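J.: Sequential numbering from 2 applies to the sequence shown in the numbering used here. No residue lacks a Cβ here, since even glycine has one placed at the ideal position from N, Cα and C. All figures in this text were calculated on a predicted structure; none of them were measured in a lab.
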Amino acid sequence: MKKLRGREKAKKFQFFFRIVIGIWSLFPRKVLYSLLVLNRNLPGYLGLGIRYTIFKVLCKSCGENVLIGPGVYFFKLENLVVGDNVSFHPLCYIDATGGVEIQKDVSIAHNCTIVSFEHDYTSGTIYRDNPVISNPISIGSNVWLGAGVRVLSGTIIENNVVIGAGSIVKGKINKDSLYVGVPAKKIKEI
Numbered sequence: 002m003k004k005l006r007g008r009e010k011a012k013k014f015q016f017f018f019r020i021v022i023g024i025w026s027l028f029p030r031k032v033l034y035s036l037l038v039l040n041r042n043l044p045g046y047l048g049l050g051i052r053y054t055i056f057k058v059l060c061k062s063c064g065e066n067v068l069i070g071p072g073v074y075f076f077k078l079e080n081l082v083v084g085d086n087v088s089f090h091p092l093c094y095i096d097a098t099g100g101v102e103i104q105k106d107v108s109i110a111h112n113c114t115i116v117s118f119e120h121d122y123t124s125g126t127i128y129r130d131n132p133v134i135s136n137p138i139s140i141g142s143n144v145w146l147g148a149g150v151r152v153l154s155g156t157i158i159e160n161n162v163v164i165g166a167g168s169i170v171k172g173k174i175n176k177d178s179l180y181v182g183v184p185a186k187k188i189k190e191i
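Encoded structure:
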C-alpha cells in the first residue's frame with residue numbers, strides 16, 4: 002500500500018479549502034491577522050488548514066499546497082508572493098516589509114529567518130532610531146534552505162540551490178549550487 006505524501010492528501014481537500022478561503026475573504030484584514038496569530042501554534046492538520054487558508058487570503062499572491070508549520074511568524078503579508086509547493090517549517094520568521102517572492106517547490110526548514118529590510122547606520126543618530134531601508138528578496142524554484150538559515154535583505158537566490166544549515170545569505174546566490182557558511186559561500190555545483 003502506497004503511503005500518500007502531504008501534497009496528495011492536501012489535493013483531496015482543495016474544494017473545502019476554496020470554500021473556507023471564500024469565507025475568510027469576507028473578513029477584514031486585521032481580523033484575519035489576529036486569527037492567524039491565534040492559530041499560530043495550533044497543532045495537526047486542523048492548524049495547517051486554518052493557517053494555509055488565512056495565509057492565502059492575506060498574501061499578495063499564494064500558490065497551492067503551501068505548508069505553514071506551527072510557530073511561524075509572518076509580517077507584511079501583503080508584500081509576500083509564494084508559489085506552489087512551498088513549506089515553512091516550525092519557528093520561521095518571515096518579514097516581507099521590502100517585498101519577498103518565493104517561487105515554487107521551496108522548502109524552508111525550521112528556525113529560518115527571511116528579513117527584507119535593514120537599518121541605515123550612517124546617519125550618526127542612536128542606532129535604534131536609524132531609518133529602515135527596504136530591499137526585496139527573491140527565492141527561485143527548487144530551493145532548500147537548511148535549518149537556521151538567515152536570508153538578509155536584497156538577496157537573490159536563483160533556481161536549484163541548497164543553502165546549508167546555519168548559513169547567512171546576502172547578495173546573489175547562483176543557480177545549481179550548494180552554499181554553506183557565515184557568510185554563505187559556494188561549495189560546489191549540484
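#1: If we ignore side chains and look at the alpha-carbon of each, how far apart do G141 and V67 end up?
#2: Pull the bridge partners of E102 from the DSSP assignment, please.
#3: Please state if the CB of V58 and the CB of S26 are separated by a distance shorter than 8 Å.
#4: Beta-carbon separation of Y180 and I188 under 8 Å?
#5: Between the alpha carbons of P91 and N42, how many angstroms are there, rounded?
#6: Identify, in the order they occur along the chain, each residue of the same chain with its Cβ nearer than 6 Å to the Cβ of E190, setting aside the five sequence neighbours on each side.
#7: So T54 is in the beta strand (DSSP E); what residue range does that whole segment cover?
#8: Candidates K77, G99 and N160: which alpha carbon is nearest V133's?
#9: What does the Cβ neighbour count give for L39, buried or exposed, with the cut at 16 atoms within 10 Å?
T.: In short, the structure shows the following:
#1: For this step, residue 141 is matched to residue 140 along the sequence shown. For this step, residue 67 is matched to residue 66 along the sequence shown. The alpha-carbon atoms of G141 and V67 are separated by roughly 16 Å.
#2: Working through the sequence shown from its first residue, we reach residue 102 at position 101. V82 and S139.
#3: Here residue 26 refers to the residue found at position 25 of the sequence shown. Here residue 58 refers to the residue found at position 57 of the sequence shown. Contact: yes.
#4: The residue labelled residue 180 in the question sits at position 179 within the sequence shown. The residue labelled residue 188 in the question sits at position 187 within the sequence shown. Yes, the pair counts as a contact, with Cβ atoms nearer than the cut-off.
#5: Position 90 of the sequence shown, counted from the first residue, corresponds to residue 91. Position 41 of the sequence shown, counted from the first residue, corresponds to residue 42. In a straight line, the C-alpha of P91 is about 9 Å away from that of N42.
#6: Here residue 190 is taken as the residue at index 189 of the sequence shown, counted from 1. Here the set comprises D177 and S178.
#7: As a position in the sequence shown, residue 54 is number 53, starting the count at 1. Boundaries for T54: no beta strand (DSSP E) harbours it, while the alpha helix (DSSP H) harbouring it runs G45 to L59, taken from the DSSP string.
#8: Within the sequence shown, the letter at position 132 stands for residue 133. Looking at the Cα atoms, G99 is the closest of the given residues.
#9: In the sequence shown, counting from the first residue as 1, residue 39 sits at position 38. So L39 ends up on the exposed side.
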